[in-house]
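Chemist: Numbering (the numbering used here), first residue to last: 36 to 358. The beta-carbon is built from N, C-alpha and C at its ideal position, and this holds for glycine as well.
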Amino acid sequence: MNTQPIIKVREMAFPRLSAPDLDAAESFLLDFGMARAHRTDDVLYMRGAGTAPYVHVIHKGTPAWIGFAFEAANREDLDRISKTDGFTPVEAVDAPGGGWRTLTKDPSGAQVEVVWGTTPVEPLGPIDPRPLNMGNAFLRIGKLQRVKTGPSRIKRFGHLAMNVRDVKASLAWYNARFGLIASDRVNIAPGMPVLIFARCDRGAEPADHHSILFGSDMASGGVLGLNHLSWEVIDVDDVLAGSSHLAAKKRAHEWGVGRHLLGSQIFDYWRDPWGHIHEHWTDGDQLDASIPPGDVTIDVGAASQWGPNPPPTFGRTIPPQSR
């Protein structure tokens, strides 16, 4: 990527979905570890335990993935990107926390929002990880470890994976507008990636290993769209306790628990009532902009460090749908 991007976004903000039954959607998301932020007859906003006013938006309608939002670094960046071809003028956000946004469509048809100026909320509770006694670091002396049963404690929305026609062209589009850079490329032959893990460029400040995973539509039977959505939880106990809670609620388990190779997260995937894959993760890699992209072969890139292999259904894609 040799050209300077129009802006460099800071991080992901939230996904936007639709489903025919907001009661069923809220029930699943409560089991998944979210809390209601706001609800109307037509839209449900759900939050995590952190300071974001919401981390999930779902509209009443046909089951579909609509798109997602990035957070801009400042108002100047929001104004700058809004003047780019294909973007809407800046408008006020009518949602918890307010703020401003601009919208566009990416080459696969997903709605991409850039938001700025949302008002943070108070955390719902402690978001520090539990102290552990491991290796030579004993951080919990004289205290008992007791993990409450119940849902995971979701901290924030972290990333999504989408199937696209051309992974290199998709990254180029997102790099030119939002500054995303490659962390890892999974290749079927030298210089021929079928997966690209892309992160936000925050300069010397570390960022998540990936905010978007671009996957070839060869894995989804030629269907463009969403593979999965992912939220960071507080610690590994939240992954495992949350998994037990979802199993007790007889939710549809997709894949996990395991630890990815690329990105290194401990992961667990579940499906909502309409098939959208929702992931819990913790302990992911943090990389600043100086770290060059890695290149691996597909047999390595598809591997986990431990845990079960992905099921055949994991390749299923939810196409984007316009609002």
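1. With C-beta atoms as the reference, is D303 less than 8 angstroms away from E314?
2. For the beta strand (DSSP E) that contains G336, what are its first and last residues?
3. Is the beta carbon of I189 closer than 8 angstroms to that of W305?
4. Threshold first: 3 residues or longer. Then list the beta strand (DSSP E) segments lying entirely within the region 160 to 214, N to C.
5. What do you get for W151, buried or exposed, if any count of 16 or more other CB atoms within 10 angstroms of its CB means buried?
6. On the three-state DSSP scale, how would you describe G277?
7. For the putative contact between S29 and P98, defined by C-beta atoms under 8 angstroms, what is the C-beta separation to the nearest angstrom?
8. Just verifying my parser: in three-state terms, what is the DSSP assignment at V149?
9. Would DSSP call P228 helix, strand or coil?
10. Could you give the DSSP three-state label for L65: helix, strand or coil?
11. Identify, in the order they occur along the chain, each residue of the same chain with its Cβ nearer than 6 angstroms to the Cβ of A324, setting aside the five sequence neighbours on each side.
12. What three-state label does DSSP hand P131 in the structure shown?
13. In whole angstroms, what is the alpha-carbon distance linking P164 and E240?
14. Smallest Cα separation from P55: which of G310, V331, G260?
15. Assign T119 to one of three DSSP states: helix, strand, or coil.
16. Between the region 108 to 120 and the region 67 to 81, do at least 3 Cβ pairs fall closer than 8 angstroms?
17. Closer than 8 angstroms by C-beta to V199: which residues in its own chain qualify, once you throw out the five before and the five after it? Chain order, please.
Modeler: Once the coordinates are examined:
1. D303 places its beta carbon less than 8 angstroms from that of E314.
2. No beta strand (DSSP E) holds G336; the alpha helix (DSSP H) holding it covers 333 to 336.
3. No, the Cβ-Cβ distance between W305 and I189 is not below 8 angstroms.
4. Qualifying beta strand (DSSP E) stretches, in chain order: 189 to 199.
5. Counting every other CB atom within 10 Å of its CB across the protein chains shown gives W151 a total of 16 or more, marking it as buried.
6. Correct three-state label for G277: helix.
7. Lying before the first or after the last residue shown, residue 29 is absent from the chain, which here runs from 36 to 358.
8. If DSSP states are grouped into helix, strand and coil, V149 belongs with the strands.
9. Here P228 sits in strand by DSSP.
10. In this structure, L65 counts as helix in the three-state DSSP scheme.
11. Counting only Cβ-Cβ distances below 6 angstroms, and skipping sequence neighbours, we find D236, G238.
12. Here P131 sits in coil by DSSP.
13. So the two alpha carbons sit approximately 21 angstroms from each other.
14. Comparing Cα-Cα distances from P55 to each of G310, V331, G260, the minimum goes to G310.
15. Coil.
16. Contact fails: fewer than three Cβ-Cβ distances are below 8 angstroms.
17. Around V199: P142, S143, S205, F249, G250, S251, D252, L259.
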